[in-house]
Each structure stands twice: as C-alpha cells, then as structure tokens.
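Remarks on the structure that follows.
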Amino acid sequence: MVDKSQAFPHAGVIGWPISHSLSPSLHTWWLNEYGINGDFEAFAIEPDNLPAFLEGMRDGHLVGANVTVPHKQAVMAGLDSLTQQARHIGAVNVITVDEGGKLHGSNTDGFGFLENLKAGHSDFDAATGPVAVLGAGGAARAVVSALIDAGAPEIRLLNRTRAKSDTVAADLGGGKSNVQAIDWDGRDAALDGAALLVNTTSLGMTGQAPLQISLDALPTNAVVNDIVYAPLETNLLARAHKRGNVTVDGLGMLLHQARPAFEAFFGVAPKVTDALRQHVLAAVEGKE
Ligand code: ATR
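Letter by letter, the sequence shown follows residues 458 to 745 of our numbering.
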C-alpha cells in the first residue's frame with residue numbers, strides 16, 4: 458500500500474539509456490530549494506524489464522516516476538488509467554501511484570511547451586494565426602495536441618515521412634481540416650502567413666544534421682520556437698532572431714513539463730527560475 462504520508466518520498470525517471478536525462482538534476486534542485494526531505498533517482502530500465510518495474514511500483518515504494526525514451530508509449534499498457542491528454546497524444550511522461558497501488562499515466566509535455574512559450578513571450582496566444590510544426594514524432598504529437606487545445610486556428614504539419622504526419626493529422630485533428638499534413642519539400646512556402654513556427658525534429662541538435670529551411674516567407678512578427686535545447690541557440694533560432702522574429706528556446710519546455718510531475722510527487726508546486734535554468738544548462742553542457 459502506498460503511504461502518502463511517508464516521511465521520505467522517493468520518485469525517479471525511467472528510461473534506457475538514462476544517463477542523458479536531466480530530470481534528476483532538475484527535481485533534485487527543487488527538492489533542495491523547497492527543503493523537501495525526499496529523493497529523485499535515475500532508473501535505467503531495459504525494455505524487457507519494463508513490465509516488472511511497473512508491477513513493482515504498485516507496492517508504493519515510489520510515489521511516482523517520470524518516463525522518457527524509449528518507454529513513453531510502452532508504459533501505457535501497464536497502467537490502470539490515462540488522462541484524456543495522454544490518450545490523445547499517445548504517450549505518457551508521468552506515472553503516479555495512488556494509495557491502492559494503482560498506476561495513473563499523464564502527459565505534461567504539451568503543458569510544458571505552452572508554458573515555455575508564455576514565459577518566453579508574454580503576449581503569446583495560440584489563436585493568433587496559423588502555426589507551422591516541423592516533425593511528426595512524439596514531441597510533435599504533444600505540441601499539436603496542446604496547440605489544438607489552446608485554439609490554434611490552423612496547424613500545418615511538415616514531416617520528412619509524410620505517412621507519419623498524415624497519421625498525426627488524422628489522430629489529433631479528428632478529421633477536422635485545421636490540422637493539415639504538408640510535404641516536407643513544401644516547408645519554405647508553408648511559413649507564409651504563419652504566426653508561430655515550431656521545430657520538433659532533432660535537426661539542429663548537437664551531433665545531428667542542420668535544419669535546412671528558408672525563413673523568407675515567415676512574417677517577421679511570427680514567434681519561432683525550437684524544442685532542441687542543445688545547443689540552446691540553434692541555427693534556426695539564430696537566423697530567426699537576426700531577421701527580427703521573437704525566439705523561444707527549448708530548455709523551458711523541459712523545465713515546465715516537470716512542474717506538474719514534481720507537484721504530484723512531492724506536494725509542492727515548484728517555480729521555474731533563472732537560477733534553475735542556469736543549473737540545468739550547466740548539466741546540459743556537462744553531458745555534451
Ligand atoms: P521525438 O519523440 O523527440 O519527437 P522522434 O519520434 O524520433 O523523436 O521524431 C523525430 C522527428 O525528427 C521526426 O519527425 C523525424 O522525421 P521522420 O518522421 O521522417 O523520421 C525528424 N527527423 C529526424 N531526422 C531527420 C532528417 N534528417 N530530416 C528530416 N526530419 C528528420
């Protein structure tokens with residue numbers, strides 16, 4: 458049985474491999490900041506061991522866990538309930554354990570994405586105009602889902618593999634025409650009239666190929682967000698900034714998605730501060 462009054466709550470993050478994860482650095486910072494007597498551990502769980510790990514969580518030795526690559530989809534089968542948003546996105550990044558040992562899955566990536574945009578650009582309103590989203594992986598699903606909920610009038614989904622963007626448009630757009638898959642070759646033209654451009658691909662990340670896209674058609678009052686945070690200023694953000702666009706980097710999405718998880722695990726709603734950003738940024742640089 459889970460004892461929510463336990464004096465020393467344990468939580469953690471599960472992934473394979475797990476050494477890249479910034480979650481321990483982030484949650485441990487908050488534990489210290491708020492003087493909470495608890496801990497947050499990195500668990501390296503091989504895919505074959507995932508079902509046994511989830512079953513083991515039912516005894517309540519953990520108050521919950523964050524979930525990262527490659528388990529975000531696979532954990533869903535082992536949980537007792539999913540939030541509507543997790544079901545919609547098709548992935549879980551937070552598991553909580555209730556007092557009866559039941560496991561509940563949610564997804565806070567879309568929340569983190571929107572909160573990061575609001576923090577980086579206080580006037581941000583998803584309903585302002587069309588949005589161009591690059592990519593159709595797990596991160597894109599969270600971003601598109603959040604944008605739909607936030608009232609984006611039109612979402613142009615551009616992905617190298619067209620079949621994947623078609624699936625995301627069908628799954629998340631629910632047959633409505635406001636989520637539209639467009640060929641990757643059409644990405645330059647698709648920026649015409651956009652109010653927001655979001656890169657959710659891995660292009661531009663340290664060690665990956667650069668993102669090749671012309672920004673000529675993008676209005677200079679559009680907001681540009683890259684969810685890549687290593688490097689913090691990607692080539693896309695540097696070019697956008699140079700032509701006058703407001704830019705929002707990707708580190709904040711990581712920080713903000715962790716807020717609801719920390720609150721669920723440890724009972725305190727934490728704040729994203731500059732000091733936290735600097736702390737996590739140093740951890741990013743340490744892992745490069
Ligand atoms: P995540 O969960 O972070 O979204 P993912 O599911 O592996 O990660 O998705 C990676 C995204 O980057 C995909 O949209 C992928 O495009 P494909 O669906 O065509 O694979 C995109 N991506 C990765 N490398 C790319 C490249 N060289 N050119 C274009 N897109 C690329």
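Just so you know, even glycine gets a beta-carbon here, dropped at the ideal spot from N, CA and C.
> residue 562 bridges to which residues according to DSSP?
Replying inline: Residue 562 is bridged to 539 and 552.
> Is it a yes or a no for the segment 603 to 613 touching the segment 552 to 572, going by three-plus beta-carbon pairs under 8 Å?
Replying inline: Result yes; three or more Cβ-Cβ pairs closer than 8 Å.
>> Considering only the alpha carbon of each residue, which of 719, 612, 664 and 744 lies closest to residue 485?
In response: Comparing Cα positions, the closest option is 719.
> If we call anything under 8 Å between Cβ atoms a contact, is residue 551 one with residue 521?
Replying inline: Yes, the Cβ-Cβ distance between residue 551 and residue 521 is below 8 Å.
> If you drop the 5 nearest sequence neighbours on each side, which residues of the same chain put their C-beta closer than 6 Å to that of residue 588?
Replying inline: Counting only Cβ-Cβ distances below 6 Å, and skipping sequence neighbours, we find 604, 609, 612 and 653.
> Excluding five sequence neighbours on each side, which residues of the same chain lie with their C-beta closer than 8 Å to the C-beta of residue 515?
Replying inline: These residues qualify, in order along the chain: 554, 558, 559 and 560.
> Tell me, which residues are paired with residue 524 by DSSP?
Replying inline: Paired residues: 471.
> In three-state terms, what does DSSP make of residue 582?
Replying inline: DSSP places residue 582 in coil when its eight states are reduced to three.
> Counting by C-beta, which residues lie closer than 6 Å to a heavy atom of ligand 1, in chain order?
Replying inline: The answer, residue by residue, is 592, 593, 594, 595, 596, 597, 616, 617, 618, 621, 657, 658, 659, 660 and 666.
>> Please report the distance separating the alpha-carbon of residue 676 from that of residue 650.
In response: Straight-line Cα distance between these residues: approximately 6 Å.
> Quick check: the segment 575 to 594 against the segment 617 to 633, are there 3 or more CB pairs under 8 Å?
Replying inline: Yes, they touch.
> Exposed or buried, what is residue 644 when buried is set at 16 or more other beta-carbons lying within 10 Å of its beta-carbon?
Replying inline: So residue 644 counts as buried.
> What is the DSSP secondary structure of residue 616, reduced to helix, strand or coil?
Replying inline: DSSP places residue 616 in strand when its eight states are reduced to three.
> With respect to the beta strand (DSSP E) encompassing residue 501, which residues constitute its N-terminal and C-terminal limits?
Replying inline: It spans 496 to 501 - the beta strand (DSSP E) in which residue 501 sits, taken as one unbroken run.
> In the segment 680 to 725, which residue ranges form an unbroken alpha helix (DSSP H) of at least 4 residues, counting only runs that do not cross its ends?
Replying inline: Segments of the alpha helix (DSSP H) lying fully in the segment 680 to 725: 692 to 699 and 708 to 723.
> For the candidate residues 636, 672, 699 and 714, whose alpha-carbon lies nearest to that of residue 684?
Replying inline: When the alpha-carbon of residue 684 is set against those of 636, 672, 699 and 714, the nearest one is in 714.
>> Less than 8 Å between the C-beta atoms of residue 711 and residue 693, yes or no?
In response: Residue 711 is not a Cβ neighbour of residue 693, given a cutoff of 8 Å.
>> So, at 8 Å on beta carbons, what are the nonlocal neighbours of residue 525 in its own chain, with the 5 sequence-adjacent residues on each side left out?
In response: Residues of the same chain with a CB within less than 8 Å of the CB of residue 525, apart from the 5 flanking positions on each side, are 470, 471, 472, 475, 478, 480 and 550 in chain order.
>> Applying the 10 Å Cβ sphere with the 16-neighbour rule, what's the burial state of residue 598?
In response: Around the beta carbon of residue 598, 16 or more other beta carbons lie within 10 angstroms, which makes this residue buried.
>> Once DSSP output is grouped into helix, strand and coil, what is the label at residue 637?
In response: Three-state result, residue 637: strand.
> Where do the ends of the beta strand (DSSP E) carrying residue 591 lie?
Replying inline: It spans 588 to 591 - the beta strand (DSSP E) in which residue 591 sits, taken as one unbroken run.
> How would you label residue 543, buried or exposed, when you count the other beta carbons within 10 angstroms and need 16 or more for buried?
Replying inline: With 16 or more Cβ atoms within 10 Å of its Cβ, residue 543 is classed as buried.
> Near residue 674, which residues of its chain fall below 7 Å by C-beta distance, leaving aside the five closest residues on each side in sequence?
Replying inline: Same-chain partners within the cutoff: 645, 646, 648 and 649.
> Between the C-alpha atoms of residue 635 and residue 488, what's the straight-line distance to the nearest angstrom?
Replying inline: Approximately 42 Å between the Cα atoms of the pair.
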